[in-house]
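First residue of the sequence shown: 682, per our numbering; consecutive thereafter.
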Amino acid sequence: MHLVVGLGNPGTRYAGTRHNVGFRVVERLASRAGTSVEKKLFGALVADAAMGGKKATLAMPQQFMNVSGQPTASLLGYYKVAATDLIVIHDDMDLPLGRLRVRVGGGHGGHNGVKDIQRACGAEFVRVRMGVGRPPAQWDPADYVLSSFTPAESASVESMLDSAADAVESVVRDGVAATMNRFNATRPEPGPEIA
682 MHLVVGLGNP GTRYAGTRHN VGFRVVERLA SRAGTSVEKK LFGALVADAA
732 MGGKKATLAM PQQFMNVSGQ PTASLLGYYK VAATDLIVIH DDMDLPLGRL
782 RVRVGGGHGG HNGVKDIQRA CGAEFVRVRM GVGRPPAQWD PADYVLSSFT
832 PAESASVESM LDSAADAVES VVRDGVAATM NRFNATRPEP GPEIA
């Protein structure tokens, strides 16, 4: 059994932002599994799903991004899932738009949602890092991740969302090593730069 946590901020105001790609992947996974993420549990919306015949729980913490650790830790305890079977999906400014990277552990890279989960659960969980690119020089990074994608970026974003959902299903079905070999070797062309 795996716990799949997509990071994002709750509310329609943040729905299409760069910071909410984790939520969008969880919603995509739920749709593929024929369910929806609606049940409220420990400050998160959750749904049970099957991926390749294996069980997973999908979750979207409903506190703000920077306090995702406690709901995640509570769900791990409730479902009796080891932290090594936790998959966290999140945006990453260190990757170009559209680039995907699967890894286990590592630093938080300045991502406060990941930092809070590491504080609450340890660092040895699977991360699906989704590239949203760096902001232009005049933008504050905090404002950038709370901005929406541009129309020119939408094709790269949609492709990345599909690839991230495929990667999560692969981790659950085939394990993290096989998934890293498959997805980290693929280097899609980065999306367009924004000005």
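Idealized CB from N, CA, C, for every residue including glycine.
Counting only residues of its own chain and dropping the five nearest sequence neighbours on each side, LEU776 has a CB closer than 8 Å to the CB of ARG782, ARG810, MET811, GLY812, VAL813, GLY814.
For the region 799-867, the full-length alpha helix (DSSP H) segments reaching 4 residues or more read 822-826, 835-855, 857-866 along the chain. One Cα belongs to GLY779, the other to SER829, and the distance between them is close to 14 Å.
Checking the DSSP bridge columns, you'll see ALA737 partnered with HIS683, ALA730. Its chain contains ASN690 as the residues whose beta carbon lies nearer than 7 Å to that of PHE745, once the 5 sequence neighbours on both sides are disregarded; these appear in chain order. Beta-carbon to beta-carbon, ALA737 and VAL853 are separated by about 5 Å, close enough to satisfy the 8 Å threshold. In the DSSP assignment, ARG709 falls within the alpha helix (DSSP H) that extends over 702-713. Per DSSP, LEU722 is one residue of the beta strand (DSSP E) stretching across 720-722. Residue GLY794 holds the alpha-carbon nearest to the alpha-carbon of ALA754 among MET732, GLY794, GLY790, LEU842. Around the beta carbon of SER712, fewer than 16 other beta carbons sit within 10 angstroms, so the residue counts as exposed.
Using a Cβ-Cβ distance cut-off of 8 Å, the region 826-845 and the region 698-714 are in contact, since at least three pairs of beta carbons, one from each stretch, lie closer than that value. Within the region 744-809, the complete beta strand (DSSP E) segments of 3 residues or longer fall at 767-773, 781-785, listed in chain order.
Taking C-beta atoms as the reference points, MET741 and PHE704 count as a pair closer than 8 Å. Residues of the same chain with a CB within less than 6 Å of the CB of VAL686, apart from the 5 flanking positions on each side, are ALA740, THR753, VAL769 in chain order. Counting only residues of its own chain and dropping the five nearest sequence neighbours on each side, GLY750 has a CB closer than 7 Å to the CB of ASP797, ILE798, ARG800, ALA801, CYS802.
Between ARG863 and ASP772, the C-beta spacing is not below 8 Å.
Around the beta-carbon of ASP766, 16 or more other beta-carbon atoms lie within 10 Å, marking it buried. About 11 Å separates the Cβ atoms of LEU756 and LEU726, ruling out a contact at the 8 Å cut-off.
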